[in-house]
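Right under this line is the structure:
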């Protein structure tokens, strides 16, 4: 089947809001090439469970589509139309399984050396879309905070090497009550600029007490979800014919209700938590990976205005099979390795933050927990500079956000 | 569905509008960066001024005794953790011991599928293979081992592969008509041996038995020409007890691979030995410190292997060793990926690597920044060793001929 053959009844299995959205744009979608439509449908099929920022992005994309003439639609998507796809891709049920179609399309593009052409087409399309439908202005400048090194008494090597050139290095920070001060600071922001799923606190260990105005996720708090996912993986692996890709496809289709971890009041967050564990490699095993990947996804998907990520020591490397079997032996932790993980993750958090609208005005703070080292980045912070000012964390936060 | 679809990061719909616009110039920039670093830091000469006379002066007379070892610096390391200024602390042995003895190629691109088995198979055939990365299937095209053995009438004991995981057990020979079964290399899978030696039940060795960092739970069925347990004694001259005792001291699968490779050099002295390292692929777990630790370990193991070459009478003085990654890893800047963790975007950084050649017939201390492809390795080995890689789609690297 090709997009031109799409009919309303084919979307009967879509959740209600997503179905309404696709039906209201069906005429335009019919004009798009097969190399593009499943990507769009893969977004719409989960529309009911998306964050507000993601919904807005999808709506803007569809609004742009609706504003184009048939000739313009053809022009905008010409590069996708030029991709050579195989007949078996056309025959696949890409309406109801767009994610699986994308995996197969990816395989086809890799093996036929068309991946570069796809990347080029996607890049041009994205640039064009951003120009045609720029995102809305954000209500407050974005703020990211990474707290790394929990449990490390001393560390002699240089930290924050990648971030230092972009901001000011502080060498005399007062660490007392640092986490509480930072959490209080971000709660004040969240209350002043209330945005649904706009202000987050992610903890790689046990979450510190925080204001409910923040969306809070922690590695320990998600243990029931992790356990459910790992049990599901174990049981799937025993099925005949199960291989790495089959497992990946299975995990991609899992919904919270399949694992009995759904909460009626939190359908969006429940699904997000599950995705963190089914799409993120290593998030089930290493708390530092969980925190890094969660930060990436919170920024990419929810486009958080505020994101505080606190890294906790991950378990020492053990064989993955053993870890996935959830053996009862208490795992040892690796605080120094986790500090190195967190240092890199802070860099990634900043990079991901800077990909979002308003990057030129956003701020970022990374702090070595319990110690006096920090780097602050923002419009008011001199780049590559060093400061010995004896700020506490609240004062430092105030410095970079005012 | 097949193994290629695993590498679908660039296709995620969210990335459609967010993929970086860059990639055309990056391979050249990476190459120049490596060249400038090596010239400045290591005092190496630029290769373009040295082109002319062949480094392989002795031709066929030497070819019979020549040994070639290929080491893949796997699975995938980026410049910023290796040759970039901030990464050099991770590769002291490559930098200070091996590169001064090497011809170094700064710009090696892999235009194929960036999965470790399929990419290694492409390296070994000189054709960008499209096989399922996660299945134990043979390469579609003849391997370097088949060319070598068939053209030069070499016995099976003269070509060996030491590979990291069970998925590599079919890499020794293709099913290509007129080549294929019976003409390839013997493949030894140290972890498979260990598993057999411990009857699969000794948890002491679990840390060595992980098959694949990308798909940690998947172990393909073995169906190829792997060395059986009894061959431990017949070929490697090792008792099961000695082998397991040694394994107890190895900190990683690649350390075990090096141990096996050394035993092979002592007992079989193959003329063509291919060793695939894989520890670095722990990066897929997302723990940066483990990834860097693995780079440091691989750097050390490469130096240890070269030392072993010098100390083995069959190899000293007549061995050419090639070290190259199968590919890189995603750049920090590509929003389709997650930096060092994977190699799924197909961006220029993940496709652009390096290669060093050292030992017999190679000009030491020379840097070449002319672009070559990873599929050029096989025809180059053919020219060096005296066989024809007829089906390969690569070209011999002139600077090594």
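Chains as they are written, first to last, in the working numbering: chain A, 1 to 402; chain B, 403 to 803. Quick reminder that beta carbons are idealized off the backbone N, C-alpha and C, glycines included. The structure presented is a predicted model; accordingly, all values stated were derived computationally and were not measured.
Residue-chain proximity (residue i, chain B), Cβ-Cβ < 9 Å
i, result
"residue 113(A)", "yes"
"residue 292(A)", "yes"
"residue 351(A)", "yes"
"residue 344(A)", "yes"
"residue 280(A)", "yes"
"residue 283(A)", "yes"
"residue 337(A)", "yes"
"residue 320(A)", "Confidence at residue 320(A) is low in this model, with a pLDDT of 35, below 50, so its placement is unreliable and the value that follows should be read with caution. With 9 Å as the cut-off, residue 320(A) counts as an interface residue toward chain B."
"residue 150(A)", "no"
Whether residue i touches residue j by CB criterion (9 Å)
i, j, result
"residue 681(B)", "residue 651(B)", "no"
"residue 113(A)", "residue 85(A)", "no"
"residue 493(B)", "residue 724(B)", "no"
"residue 719(B)", "residue 663(B)", "no"
"residue 570(B)", "residue 591(B)", "yes"
"residue 478(B)", "residue 282(A)", "no"
"residue 704(B)", "residue 473(B)", "yes"
"residue 311(A)", "residue 204(A)", "yes"
"residue 208(A)", "residue 260(A)", "no"
"residue 771(B)", "residue 749(B)", "no"
"residue 215(A)", "residue 254(A)", "no"
9 Å Cβ cutoff, residue i in contact with chain A
i, result
"residue 689(B)", "yes"
"residue 542(B)", "no"
"residue 537(B)", "yes"
"residue 515(B)", "yes"
"residue 749(B)", "yes"
"residue 737(B)", "yes"
"residue 626(B)", "No answer about residue 626(B) holds up, because its pLDDT of 42 lies below 50 and its placement is not dependable."
"residue 740(B)", "yes"
For residue i, the nearest candidate out of the options (CA to CA)
i, options, result
"residue 721(B)", "748(B), 690(B), 759(B), 702(B)", "759(B)"
"residue 692(B)", "654(B), 662(B), 675(B), 713(B)", "654(B)"
"residue 581(B)", "540(B), 562(B), 738(B)", "540(B)"
"residue 595(B)", "587(B), 566(B), 803(B)", "566(B)"
"residue 365(A)", "261(A), 144(A), 129(A), 131(A)", "144(A)"
"residue 54(A)", "297(A), 338(A), 127(A)", "297(A)"
"residue 90(A)", "212(A), 5(A), 402(A)", "5(A)"
"residue 801(B)", "476(B), 487(B), 705(B), 505(B)", "505(B)"
"residue 740(B)", "397(A), 179(A), 290(A), 247(A)", "290(A)"
"residue 734(B)", "354(A), 336(A), 348(A), 171(A)", "348(A)"
"residue 371(A)", "30(A), 315(A), 170(A)", "170(A)"
"residue 186(A)", "166(A), 117(A), 94(A), 213(A)", "213(A)"
"residue 129(A)", "299(A), 72(A), 163(A), 149(A)", "72(A)"
"residue 766(B)", "514(B), 502(B), 497(B), 796(B)", "502(B)"
"residue 336(A)", "292(A), 191(A), 159(A), 401(A)", "159(A)"
"residue 544(B)", "531(B), 554(B), 538(B)", "531(B)"
"residue 146(A)", "367(A), 398(A), 400(A)", "367(A)"
"residue 120(A)", "535(B), 738(B), 716(B)", "738(B)"
"residue 520(B)", "791(B), 798(B), 728(B)", "728(B)"
Closer than 7 Å at the beta carbon, the chain A residues around residue i
i, result
"residue 532(B)", "111"
"residue 512(B)", "Chain A residues near residue 512(B): none, gap ~12 Å exceeds 7 Å."
"residue 743(B)", "281"
Terminal residues of the beta strand (DSSP E) in which residue i lies
i, result
"residue 505(B)", "504–511"
"residue 380(A)", "That residue, residue 380(A), is in no beta strand (DSSP E); it is neither H nor E in DSSP."
"residue 400(A)", "Unbroken run through residue 400(A) is the alpha helix (DSSP H), 393–401; no beta strand (DSSP E)."
"residue 676(B)", "674–678"
"residue 310(A)", "306–310"
"residue 761(B)", "754–761"
Partner residues on chain A for residue i, Cβ-Cβ distance less than 8 Å
i, result
"residue 734(B)", "347, 348, 351"
"residue 686(B)", "281, 282"
Contact list for residue i against chain B, beta-carbon separation under 8 Å
i, result
"residue 158(A)", "In chain order: nothing, as chain B lies at least about 10 Å away."
"residue 370(A)", "The contacting residues do not exist; residue 370(A) stays about 19 Å from chain B at best."
"residue 340(A)", "690, 691, 694"
Delimiting residues of the alpha helix (DSSP H) encompassing residue i
i, result
"residue 197(A)", "Element bounds for residue 197(A): n/a, residue is neither H nor E."
"residue 210(A)", "Element bounds for residue 210(A): n/a, residue is neither H nor E."
"residue 101(A)", "98–111"
"residue 60(A)", "52–67"
Chain A residues whose Cβ lies nearer than 9 Å to that of residue i
i, result
"residue 399(B)", "The first residue shown for chain B is 403 and the last is 803, placing residue 399(B) beyond what the model contains."
"residue 488(B)", "161, 162"
Proximal chain B residues relative to residue i, where beta-carbon distance stays under 7 Å
i, result
"residue 303(A)", "What residue 303(A) touches in chain B: nothing, since even the nearest Cβ is about 11 Å away."
"residue 35(A)", "By Cβ distance, chain B contributes nothing, its closest Cβ being about 10 Å from residue 35(A), past 7 Å."
Contact set between residue i and chain B, taken where Cβ atoms lie within less than 9 Å
i, result
"residue 288(A)", "688, 689, 690, 691"
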